[in-house]
Every structure is written in C-alpha cells, then in structure tokens.
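Residue numbers for the sequence shown follow our numbering, beginning at 108 and rising by one.
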Amino acid sequence: MNVFFKNKEYRYITISDCLSVIGDSFFYIVMITYANLLDNSTLAISLITISEVLPDFLSVFTGYFVDKTKNKAYADIFTNFIRAILFIIVSFLFFSKPRKFQV
Numbered sequence: 108m109n110v111f112f113k114n115k116e117y118r119y120i121t122i123s124d125c126l127s128v129i130g131d132s133f134f135y136i137v138m139i140t141y142a143n144l145l146d147n148s149t150l151a152i153s154l155i156t157i158s159e160v161l162p163d164f165l166s167v168f169t170g171y172f173v174d175k176t177k178n179k180a181y182a183d184i185f186t187n188f189i190r191a192i193l194f195i196i197v198s199f200l201f202f203s204k205p206r207k208f209q210v
C-alpha cells in the first residue's frame, strides 16, 4: 500500500487500469445487451466477445513496446485513452443508426 501512495507513476498506472477495467465491463454489458436485440444476435455477440478478448492477447506484444518507452505510466494512460475513444466511436456507430449497422 505504501508503494501506491509513494510512487506517482505506479499510482497513475493503477488508477488508469482500474478505470479501464470498469469502463470495459460497462461497455461489454451494454453491447451484449444491445446485440441480443439484433436479428443475428449470435454473430453479433461473437464479434463483440472477440473484440473484448483480442486486446488481452495483443497486450503481450504491445507490452514489449511499452516497456521500451521512457515513461511507462503515460504510455499506459495514453493507450487506455485511445481505447476509450475507440469505444466511444463504436458506441456512437451502434446507437446512432442501428438499422444500418445490424450484423
């Protein structure tokens, strides 16, 4: 617990990752609920599940590049910020014109 309060970078990474996990969970629940309403819900749910699992598999490779950066905390926060923007874009596309984006 002392590391959390004493190390600024560790604190930023921990808070950023916690917020990212909470946001991912809400996004996943909403998208699965919405996909269940579509005509071809099994395909839509499969695609959403793949989109949620794929970043975890890719983190093995992206972690290598993040470890080579000078400021790991800001690199982690930046990637979570980019991921949040992508989630917002996908949400907007799904909910703005639902008939056009049905799977």
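Ideal Cβ placement from N, Cα and C applies to all residues, glycine included.
- In this structure the segment 108-127 does not touch the segment 165-177; the number of beta carbon pairs closer than 8 angstroms is below three.
- Using a 10 angstroms sphere on the CB of D183, the tally of other CB atoms reaches 16 or more, which defines it as buried.
- Within 10 angstroms of the beta-carbon of I155 lie 16 or more other beta-carbons, which makes it buried.
- Within the segment 121-198, no run of beta strand (DSSP E) reaches 3 residues while sitting entirely inside it.
- Contact annotation: G130 and A191 have beta-carbon atoms nearer than 8 angstroms.
- Here S127 is buried. Its C-beta has 16 or more other C-beta atoms within 10 Å.
- The C-beta distance from N187 to S132 rounds to 14 angstroms, too long to meet the 8 angstroms contact threshold.
- Between E159 and Y135 a beta carbon distance of about 5 angstroms is seen, short of the 8 angstroms cut, so the two are scored as contacting.
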